[in-house]
Structure formats: structure tokens, C-alpha cells
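Down below is the structure, laid out as C-alpha cells.
Number of protein chains: 2
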Amino acid sequence: MIQKPPASVGQRLDEVDTPALVLDLDAFERNLAALQRSAGGRVRVRAHAKTHKCPEIARRQIAFGAIGVCCQKVSEAEAMVEGGIQDVLVSNEIVGAQKIARLAALAERARIGVCVDNAENLKDLRDSKAKLDVYIELEVGMRRCGVPPGEAVVALAREVSGNLRFAGLQAYHGRAQHVRSLAERKAAIERAASAVRETKELLKRNAIDCPIVTGAGSGTYMFEVESGAWDEIQPGSYVFMDADYARNEWAAPLPRFEHALFVLSTVMSRPAAGVAIVDAGLKASSVDSGMPSVWQRPGLAYTRTSDEHGCIEGAPPPALGEKILLVPGHCDPTVNLYDWYVCVRNGKVEALWPITARGAVY
Amino acid sequence: MIQKPPASVGQRLDEVDTPALVLDLDAFERNLAALQRSAGGRVRVRAHAKTHKCPEIARRQIAFGAIGVCCQKVSEAEAMVEGGIQDVLVSNEIVGAQKIARLAALAERARIGVCVDNAENLKDLRDSKAKLDVYIELEVGMRRCGVPPGEAVVALAREVSGNLRFAGLQAYHGRAQHVRSLAERKAAIERAASAVRETKELLKRNAIDCPIVTGAGSGTYMFEVESGAWDEIQPGSYVFMDADYARNEWAAPLPRFEHALFVLSTVMSRPAAGVAIVDAGLKASSVDSGMPSVWQRPGLAYTRTSDEHGCIEGAPPPALGEKILLVPGHCDPTVNLYDWYVCVRNGKVEALWPITARGAVY
């Protein structure tokens with residue numbers, strides 16, 4: 002069920018079988034550096050591993066200054082700890098006896114944090130005797146999980162006891178990340194910052210220490226940093242960038258990250274003038290946030306998809322058998338389709354990194 | 002990189018960890034029987050394995066009368082041959098030296114067919130010395146790969162020589178499958194049938210024998226059967242059905258297939274009245290053809306998704322920790338997210354089938 006790598010070390014990029022998930026190592030490393038240059042020293046960086054699902058990448062994020070990673074699933078956290086990562090926050094609610102038992106087992110092997118938004122769930126975590134850092138998830142505009150600012154946060158924080166440690170607040174405004182206008186993204190984070198400050202003050206009035214406020218994604222994190230309300234940021238997509246993020250307006254204080262992740266495809270049919278069909282469809286590049294874009298071929302556009310095919314239109318049309326790099330519409334679910342990163346530098350395959358948390362859905 | 006199964010044999014469904022891909026064996030077997038009852042004896046059934054990616058399922062399709070399977074990728078065909086399937090048509094163009102070499106190796110182990118729509122590609126296949134059944138793909142409304150009806154088909158068929166055998170025509174109208182109105186689906190297949198008949202007559206006038214016309218999907222196959230123009234059908238989704246197919250109008254001559262494939266999810270947050278967040282987002286149920294539907298909870302709807310979360314709204318709201326079955330919007334890319342089918346009968350896990358062609362994208 003593991004697919005063989007579509008490449009071997011030392012091959013030229015044009016020798017790689019397709020579709021393949023290609024990581025441009027130079028661009029990737031520049032992205033790691035750019036993130037740290039912009040935010041490092043001002044807040045802790047806890048990189049989001051849901052994007053890459055790969056301990057090899059997590060280790061490099063830590064080498065560039067991250068204090069650890071976050072994950073969305075217990076199984077992702079298991080893959081990270083298995084891969085040697087010692088500090089993992091599951092930035093999500095973990096509900097159900099089986100999952101809590103797995104989380105407790107993991108907390109024997111590494112420092113593990115988890116989010117809560119419900120007293121019943123918090124009781125189950127407490128009863129598990131697991132040694133966990135607990136973050137209360139604050140609803141700051143995401144409209145998903147989380148407790149709204151107010152007394153409910155205090156009530157929940159008071160219930161964090163036993164082997165559990167109240168580590169602070171999870172405050173992530175995911176909806177703000179893809180708002181195109183920089184000014185609107187900034188305004189959304191300012192509203193979230195007010196909710197965070199109000200909650201911190203409320204906790205303080207109740208003599209509850211709130212060590213860390215964590216949150217923020219690649220599209221806004223400098224606004225969280227500049228607000229002063231967050232202690233830790235959780236960017237994920239910055240390592241790769243994708244076509245959807247590229248549609249955002251980018252300017253200071255956010256650095257301009259580079260596309261480092263690609264799907265290499267092959268033209269498998271030339272059915273008509275100006276039309277080329279490539280072998281990468283929606284099982285090769287997730288289309289939940291739009292079609293992939295065509296890399297460095299300005300006259301061409303990827304116009305429609307089906308399960309195993311993509312349609313590229315424009316001029317000059319690529320030849321049958323030609324290999325085309327695509328920038329995925331959305332990096333996270335695209336990575337989740339592959340077993341291997343084909344890591345390329347100067348047009349040559351330098352390494353193959355296994356995506357060990359691929360499919361780590363539970 | 003293979004995830005552990007989320008269940009063990011003998012467990013009750015409500016003990017299965019989530020998200021899990023659940024196959025209702027009774028419904029699945031009734032779907033196998035319904036397909037064969039409607040079409041069997043009138044045409045050959047070559048079930049499409051791109052839907053399920055699982056030799057266990059392919060073997061059952063063959064036990065119910067299918068002559069073999071089709072696949073879209075060489076790597077899928079490899080997984081099927083590895084799983085003991087001896088007759089595989091790659092219903093797609095295979096371009097590039099590496100892929101053709103793998104196809105040739107596979108043809109040493111099983112009966113392998115492949116589609117062509119291009120003379121240059123056909124030459125590469127011929128030069129490989131592989132013993133392959135070659136089908137010319139006819140464009141019948143799919144607007145993807147394929148040769149339009151006419152002299153180009155004859156010219157291509159004349160080039161099928163050496164170890165290659167001209168096996169006939171691939172004529173699949175994928176766009177017709179999801180047209181909601183039964184009458185419009187029928188009309189689309191009648192137009193495709195005209196293109197097939199015209200091409201068969203042209204081949205006959207040129208003294209070229211056309212042994213098999215193959216094609217058709219779950220949404221239309223009885224129209225292909227009744228037209229008399231096809232010898233073989235390629236339905237895939239009928240084994241599972243999905244929420245998108247369920248939106249089609251279903252009536253005779255097509256049987257009403259049952260939902261047999263589900264994503265089991267858990268309510269992980271109850272952030273507001275009438276809102277429940279489940280742990281199955283777009284990495285657990287592909288949303289390219291719409292949101293999943295909620296199974297047998299008529300007051301509830303899955304209204305929005307993010308990578309790892311789904312929002313369920315309505316009444317009566319499910320409780321925290323409650324398990325909810327979802328019907329995937331699109332079965333094929335959803336299956337491609339999982340390593341295991343959790344096969345359930347009478348509420349108990351009967352088997353765990355590995356999805357060996359999961360991620361078989363190249």
C-alpha cells in the first residue's frame with residue numbers, strides 16, 4: 002500500500018516518473034529562513050506539521066528555530082514522535098476513549114499538548130491520567146471548534162487539574178488566512194487579538210496564569226506577532242506555498258514565500274490544437290481550493306480536472322510526453338495523496354523523503 | 002506510511018476509531034448482484050478498479066461474473082496483477098518510456114490492454130515489443146483524450162502491428178454519467194452510440210476487424226447495453242454509490258444501487274446550539290463533487306468542511322462523541338485517502354481489506 006518512489010537519487014528531474022510530488026530544496030530552505038527572519042526572536046515558532054506530514058521536514062523546521070510542531074490528529078502526532086520530534090501540540094480537540102488512550106501513550110514518550118473546548122472532554126482527559134499540556138481553544142472567528150471569549154473559558158480553565166497542566170489558549174483564525182486583501186486580513190487579526198486580550202485579562206482577574214497564547218497561520222502570522230497578544234505561531238503552508246495562497250495580496254510585514262512544492266506531470270494526449278491532457282488529475286493535486294497553476298509556462302492554464310486527468314489549454318502547447326510542473330491549488334491535501342517527496346536541487350534528485358503521516362486521519 | 006487499521010475484526014461499528022472508511026458488505030454484495038442481473042449475459046462486464054483500488058473487491062466482481070477489471074494507471078494495474086487479477090485493461094493512454102517499460106513487464110504476467118489516441122505513442126508501444134491488446138480511444142463527448150470518429154481511427158488501427166493486437170475501441174462518455182436527468186443521459190449515450198456505429202462501419206469498410214467496443218459507467222451503462230453498440234461495460238461506482246451519484250435520477254433500465262461506502266466520523270465539538278463538528282474533513286471525504294451527506298439522520302446536513310473538520314447542522318443535534326456515518330460526495334477520490342476498508346455486516350467488523358492501489362497515481 003506504500004507506493005514505490007517515482008524517482009531515484011541522482012536522476013534528472015525530467016527522468017522522474019509522473020505524477021510526482023516535487024520539493025524544490027533551495028526554495029524550501031529560503032522559506033524556512035524567511036519565516037524565522039520575520040518572526041524569530043519575537044515569538045516561538047511551532048510549525049504546523051499537518052501541511053507536510055513528514056518528520057524530515059519537521060526536523061529542518063526545528064533546526065531553523067522552531068520549538069516543535071503542531072498536528073491536527075493523534076495519528077499525525079504519533080508519526081512525528083516516531084520520527085524523533087519531542088514537542089508536539091495537537092492543535093485540535095481529541096474526543097473518544099481510543100484516541101485519548103493513544104494520546105496518553107504518546108505523552109509517555111514526548112511533550113504533548115492538546116486543545117479542549119468542552120468540560121466533558123476535559124474530564125475524560127483528566128481521568129486518563131495522561132500528562133498533557135492543555136490549551137483552551139478560543140473561538141476568534143474560525144466558526145469551527147472553540148469557546149467564545151468570556152466566563153466559559155474561566156470555568157473550563159479551573160477544571161484543568163490532576164496530571165493536566167493549563168498551558169494557555171489556542172487562538173487560530175483560519176478563515177482570515179485566505180482573505181485576499183492584506184488590510185482585511187490585518188483587520189480580522191486585530192479583532193481576534195481583542196478577543197485574546199480580553200480573555201487573558203479575564204483569566205488574570207481570576208488569578209489563572211495563562212502561559213502561552215498559540216495560533217496564527219502563514220497568511221497572517223506577522224499581524225499576530227505585531228499585536229503582541231500571541232506568544233507562539235503555528236504557520237504550516239509557508240514551507241511550500243500553493244496556488245491559493247499565491248492569490249493573496251502579499252506585502253510587508255509578511256515576507257513573500259516562494260513556491261517550493263510542485264506536482265510533476267506528463268502530457269499524455271494532445272487531442273486538439275491548444276489542448277494538452279496531463280496525467281495529474283484530482284487524485285494528484287487536490288482541487289478543493291481551485292485548480293493547480295502551470296509553473297513558468299505563462300501561456301498555459303490548467304483549466305479542468307477529472308480523477309486522473311488534467312486539461313491544459315493555451316499556447317505554445319506542450320508536446321506529447323513533455324513534463325509540466327504544476328503548483329497545487331492547496332498544498333496540505335495534495336501532500337496527503339503521496340508517499341514520497343522527490344527532493345530536487347539544481348535539477349537533480351537529491352533525496353526522497355517519506356511522508357510518514359500520509360493518511361494519518363485518525 | 003501505511004496507517005494501522007482503525008478497527009479489528011469482531012468489533013462493533015461504534016467501537017471503530019474514526020475517521021474510518023466503512024464498507025457495508027450486504028449492500029455491496031447486493032450492488033454486485035444488481036449489476037450482473039441487469040447487464041450480465043448481454044455484454045461483458047469489466048469492472049473499473051479505479052473506484053475501489055482493492056484486489057479483494059476485484060476478485061468478488063469477477064466471482065459475480067466480471068471478466069476482469071480496468072484501471073487508469075500502470076501502478077493500479079500492477080497492484081491488481083499483484084493481487085491475482087489476470088485480465089486488466091488500462092483504459093487510458095500510457096505515455097513515456099518508464100511507464101511503457103512497466104506496462105511491458107506487466108504484460109508478461111497477465112493479459113493487459115491499453116488505449117491509444119496518438120501514432121507516436123503507438124509507435125513507442127510497438128517498439129517496446131510488449132504483447133498488448135490495443136484499444137483506440139474514440140472521443141464520444143468526454144472532451145478529454147481520444148480520436149474523433151473518422152479516418153484518423155482507421156489510420157491509427159492500421160499502425161497496430163508487431164506484438165500489439167488491435168482489440169477494438171474504448172468509447173467512454175464520462176460527462177454523461179452525472180447528468181441528472183435520465184432522459185438526457187440516454188440522449189447523450191445515443192449520440193455516443195452513433196459515433197461508435199459510424200466508426201465500426203468505417204473500420205469494416207476498410208476490412209479492419211473491431212473485436213470489442215468497451216466503455217460505459219455506472220450512471221448510463223444500461224443505455225450502452227440497450228444500444229447494442231458496446232460489447233463490454235466498465236462500471237466502477239456501482240459497488241459503492243456516492244452522494245453525487247445519488248443526486249442523479251435513477252429509474253429503469255438502470256437498477257437502483259445502494260449506498261455501501263461510508264465515512265464513519267465522531268462528533269469532536271459542540272460549539273453552538275444546532276452545530277456539531279465532526280473529525281472528518283476534506284482529507285477524509287473528497288469534496289470535489291460536493292459535501293458528504295449524513296446517513297439516516299434526516300434532520301442533519303454536513304454544511305461545510307475544512308482539512309480535518311466537518312460542520313454538521315440541524316436537529317436533533319448529535320452528542321459529543323457520537324459517531325455519525327457520512328456518504329462521501331465522490332467515492333473514487335475518497336477511497337484513495339485510506340489504507341483499509343473496514344468491512345461491516347450486521348453492525349460488526351467482518352474483515353479489513355487493504356486498499357493496495359491507494360496512492361497508485363503513476
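So the sequence lines, in the order shown, correspond to chains A and B. Take any residue in the first sequence, count from 1 to its spot, add 1: that is its number in the numbering used here. Take any residue in the second sequence, count from 1 to its spot, add 1: that is its number in the numbering used here. Glycine included, each C-beta is placed from N, C-alpha and C at the ideal position. A quick note: this is a predicted structure, and the numbers were derived from the prediction, not measured.
Same chain, Cβ closer than 7 Å to P293 (chain A), neighbours up to 5 away in sequence not counted = A244, V264, S286, Y303, L327, V328, P329, G330
message = Please state whether the Cβ-Cβ distance between N119 (chain A) and F258 (chain A) is less than 7 Å.
response = no
is_contact[L283 (chain A), chain B] using C-beta, thresh 7 Å = yes
inquiry  = For the segment 141-155 of chain A, list every residue whose C-beta sits within 7 Å of some C-beta in chain B, in sequence order.
reply    = R145, C146, G147
query = Between the segment 222-234 of chain B and the segment 70-79 of chain A, do three or more beta carbon pairs fall short of 8 Å?
reply = no
Cβ neighbour criterion (16 or more within 10 Å) applied to A193 (chain A) = buried
query = Hey, which unbroken runs of the beta strand (DSSP E) at 3 residues or more fall wholly within the segment 280-351 of chain B?
reply = 301-306, 311-315, 324-328, 341-346
request  = Please classify D18 (chain A): is it buried, with 16 or more other beta-carbons within 10 angstroms of its beta-carbon, or exposed?
outcome  = Buried, by the Cβ-count rule.
ask   = Are the C-beta atoms of G322 (chain A) and some chain B residue less than 7 Å apart?
value = Using beta-carbon distances, G322 (chain A) counts as an interface residue toward chain B, with a partner under 7 Å.
key: Interface residues of chain B facing R271 (chain A) [CB-CB closer than 8 Å]   = Simply N119.
request  = Check the DSSP bridge columns for I58 (chain B) and list the partner residues they point to.
outcome  = In the DSSP output, where bridge partners are listed per residue, I58 (chain B) has none listed.
ask   = Exposed or buried, A8 (chain B), counting other C-beta atoms within 10 Å across all chains shown (16 or more means buried)?
value = Flag for A8 (chain B) reads buried.
key: Under 8 Å by beta carbon: chain A residues contacting S307 (chain B)   = R145, G175
request  = Note down the Cα distance separating M143 (chain A) from Y173 (chain A), rounded to an integer number of angstroms.
outcome  = 7 Å
query = What's the C-alpha gap between S228 (chain A) and Q171 (chain A)?
reply = Cα to Cα, the separation comes out at about 16 Å.
request  = For A352 (chain B), collect the residues of the same chain with a Cβ closer than 6 Å to its Cβ; drop the 5 residues on either side in sequence, then sort them by chain order.
outcome  = C344
request  = Have a look at B:A361, B:D333, B:V268, B:Y363 and flag the residue whose alpha-carbon is nearest the alpha-carbon of L22 (chain B).
outcome  = B:D333
message = Less than 7 Å between the C-beta atoms of V154 (chain B) and T200 (chain B), yes or no?
response = yes
query = Can you tell which of B:R206, B:V336, B:V115 has its C-alpha closest to the C-alpha of K284 (chain B)?
reply = B:V336
task = In the DSSP assignment, find the unbroken beta strand (DSSP E) run with D134 (chain B) in it and report its ends.
result = 134-138
query = When we look at the beta-carbon of K100 (chain A) and count the other beta-carbons within 10 Å, is it buried (16 or more) or exposed?
reply = buried
request  = Measuring only between beta-carbons, confirm whether P20 (chain B) sits less than 7 Å from chain A.
outcome  = yes
message = Could you check whether V44 (chain B) and V226 (chain B) sit closer than 7 Å to each other, using their CB atoms as the reference points?
response = yes
key: Short Cβ contact (7 Å threshold) for M223 (chain A) with P254 (chain A)   = Yes, the Cβ-Cβ distance between M223 (chain A) and P254 (chain A) is below 7 Å.
Residues sharing a beta bridge with E94 (chain A), DSSP = A:C116
ask   = Is K195 (chain B) helix, strand or coil when you go by DSSP?
value = It should be noted that the sequence gives Ser, not Lys, for residue 195 (chain B). Helix.
query = So is S39 (chain B) buried or exposed if we call it buried at 16+ other beta carbons inside 10 Å?
reply = S39 (chain B) is buried by the Cβ-count criterion.
query = Does the beta carbon of D15 (chain B) sit closer than 7 Å to a beta carbon anywhere in chain A?
reply = no
request  = Scan the segment 95-117 of chain A for residues whose Cβ lies nearer than 8 Å to a Cβ of chain B and list them as they occur along the chain.
outcome  = I95, V96, G97, Q99, K100
task = Return the CA-CA distance between L24 (chain B) and Y339 (chain B), expressed in angstroms with no decimal places.
result = 12 Å
ask   = Based on Cα-Cα distance, which residue from B:K5, B:R13, B:I3 lies nearest to R346 (chain B)?
value = B:R13
task = Identify each residue in the segment 191-207 of chain A for which the Cβ-Cβ distance to at least one residue of chain B is less than 9 Å, and report them in chain order.
result = none
key: Simplified DSSP assignment, three categories, for S362 (chain A)   = According to the sequence shown, residue 362 (chain A) is Val rather than Ser. Three-state result, V362 (chain A): coil.
request  = Identify whether E233 (chain A) lies in helix, strand or coil by the three-state DSSP scheme.
outcome  = strand
message = Can you pull the chain A neighbours of N337 (chain B), defined as C-beta to C-beta under 8 Å?
response = K284, L338
query = Can you list, in chain order, the residues of its chain whose CB lies under 8 Å from that of R305 (chain A), leaving out five sequence neighbours each side?
reply = M292, G311, C312
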